[in-house]
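Residues in the sequence shown are numbered from 554 upward in steps of one, following the numbering used here.
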Amino acid sequence: MKRALSVIRDYTKNSDMLLLALCLAASAFGVVLIYSATRSYETDRYVIVQIASIIIGVFLYVLFSLLDIDIIANKWLVLFIFNVAFISTLFIWGVEGGTGNKSWLRFAGIGIQPSEIVKVSFIILLGKQLSYLRESRRGLNSIPSVASLVVHFGLIFGLIIVASSDLGSALVFAAIFITVLFAAGLGLYWFLLAAAIGVAASPFIWNELLSNNQKERILAPYFPESVDPTGLGVTWQAGQSKIALASGKLTGEGLLKGTQSQSSMLPFKHTDFIFSVAGEELGMIGCTVIIALLLMIIIRCIFVGLRSKNYMNILICTGIAAMLIFQSFENIGMCLGLTPVIGITLPLFSSGGSSIITIFAAMGIVSGIYMRPNPNGHGFRYRR
554 MKRALSVIRD YTKNSDMLLL ALCLAASAFG VVLIYSATRS YETDRYVIVQ IASIIIGVFL
614 YVLFSLLDID IIANKWLVLF IFNVAFISTL FIWGVEGGTG NKSWLRFAGI GIQPSEIVKV
674 SFIILLGKQL SYLRESRRGL NSIPSVASLV VHFGLIFGLI IVASSDLGSA LVFAAIFITV
734 LFAAGLGLYW FLLAAAIGVA ASPFIWNELL SNNQKERILA PYFPESVDPT GLGVTWQAGQ
794 SKIALASGKL TGEGLLKGTQ SQSSMLPFKH TDFIFSVAGE ELGMIGCTVI IALLLMIIIR
854 CIFVGLRSKN YMNILICTGI AAMLIFQSFE NIGMCLGLTP VIGITLPLFS SGGSSIITIF
914 AAMGIVSGIY MRPNPNGHGF RYRR
């Protein structure tokens, strides 16, 4: 017993307990919101699944914080095969999850979203690849190095699009990729070249690759009257979300008392529009608490990265922070009607087992880096 208590005491002393506390506070707040949002469903299933996922997530947080990330990253080939194989399972067993995308696997009533799980392994693999290329004879900014990075990202991005048509998840990977490359010190001229290619290719992408529904979703926040004159099509979800947020004002209508939240008017209220539930029932104060918690978690990830003296670890923390930033920005913007509705959930708050488990695992990696800030002395060099 004394031995166990000593181990627990040592762990709490050395690990990033502040980060764990912030994640638990955010996820507990999320459970309360999910309970309120799903009360009209007359089932506790979503709350039970979320609590179970948090418990699993905390276990993975501890596990990943105890593992040396270098050992995991050195298994880069295993990570790469896992990423490709796991996403590829959607070709055979992918099912629709209520959003029109075949982005889910379902076994014995349990849903798993491969793109969520792969985010963490993709970030680790990308950090390892950049670290290797930086130390290689050719260097990070050589054409072969950049080509290998583009192939790596393009394969994962393409698989997600082709296998599931999940544009939202694909864009999260794009945000992670661009942010980590910038933090790694990739030459700015490569970004300018990529932007030029993107602009040149945009007519083809728009006309040949995007479906009419995807085009309408992209245009809806900016040209709602022309895209959906009746307000009953692609703008309906965002419209109901804005009604909920506006009715909450400063302090909200009260928990379990939201007009939109307690009816069927607000769509996907326990997942994509959980922020709108908070706004209607807890008002601007509740929304501010959510944003503050997310900001503190993101800042903590960045702090741990900057504190580390290991190049790969810095990039991994950057990738995890980028994941949280993009998902939070897009989801909140979606609820406010400022960004397209593309099915991105709010980290730690929205209902979803795959998402909550993935985020806790990612936070465990950050905590592990906090515990081992300088494992091999490879320092960070800023872009020149």
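Virtual Cβ for every residue (Gly too), placed ideally from N, Cα, C.
- Setting aside the 5 residues that flank it on each side, G807 is surrounded in the same chain by E834, each with a C-beta closer than 8 Å to its C-beta; the list follows chain order.
- Where F856 is concerned, the enclosing alpha helix (DSSP H) starts and stops at 827-860.
- Residue environment analysis places W657 among the buried positions, since at least 16 neighbouring C-beta atoms fall within 10 angstroms of its C-beta.
- Distance from the CA of A578 to the CA of A749, rounded to the nearest whole angstrom, comes to 43 Å.
- Taking C-beta separations shorter than 6 Å and ignoring five residues to either side along the sequence, the partners of F828 in its chain run I885, C888, L899, following chain order.
- In the pairwise beta carbon analysis, the segment 636-644 is classified as touching the segment 702-713: at least three pairs are separated by under 8 Å.
- The beta carbons of F633 and L678 sit about 6 Å from each other, so the pair counts as a contact at 8 Å.
- The criterion of a C-beta distance shorter than 8 Å is satisfied by I912 and L901.
- Taking the Cα of A727 as reference, the smallest distance to any Cα among S589, I709, V611, F582 is reached at I709.
- For R659, the uninterrupted beta strand (DSSP E) segment begins and ends at 658-660.
- Only exposed fits V560, as fewer than 16 other CB atoms lie within 10 angstroms of its CB.
- For I895, there is no enclosing alpha helix (DSSP H), as DSSP marks it with neither H nor E.
- Of the candidates W743, L573, L724, the residue whose Cα lies closest to the Cα of A700 is W743.
- The count of Cβ pairs closer than 8 Å, one atom from the segment 867-877 and one from the segment 666-677, reaches three, so the stretches are in contact.
- Remark: C-beta atoms of A773 and T788 approach each other more closely than 8 Å.
- R853 is positioned such that its CB atom lies closer than 8 Å to that of L572.
- Contact between the segment 841-852 and the segment 813-824 is absent: fewer than three C-beta pairs spanning the two stretches fall below 8 Å.
- Take T596, set aside five residues on each side of it, and no residue of its chain has a beta-carbon closer than 7 Å to its own.
- N627 and Q682 have their C-alpha atoms some 10 Å from each other.
- Only exposed fits F757, as fewer than 16 other CB atoms lie within 10 angstroms of its CB.
- For G707, the uninterrupted alpha helix (DSSP H) segment begins and ends at 696-717.
- Looking at the backbone, the Cα of T871 and that of L859 are separated by about 9 Å.
- The Cβ atoms of S718 and K810 do not sit closer than 8 Å to each other.
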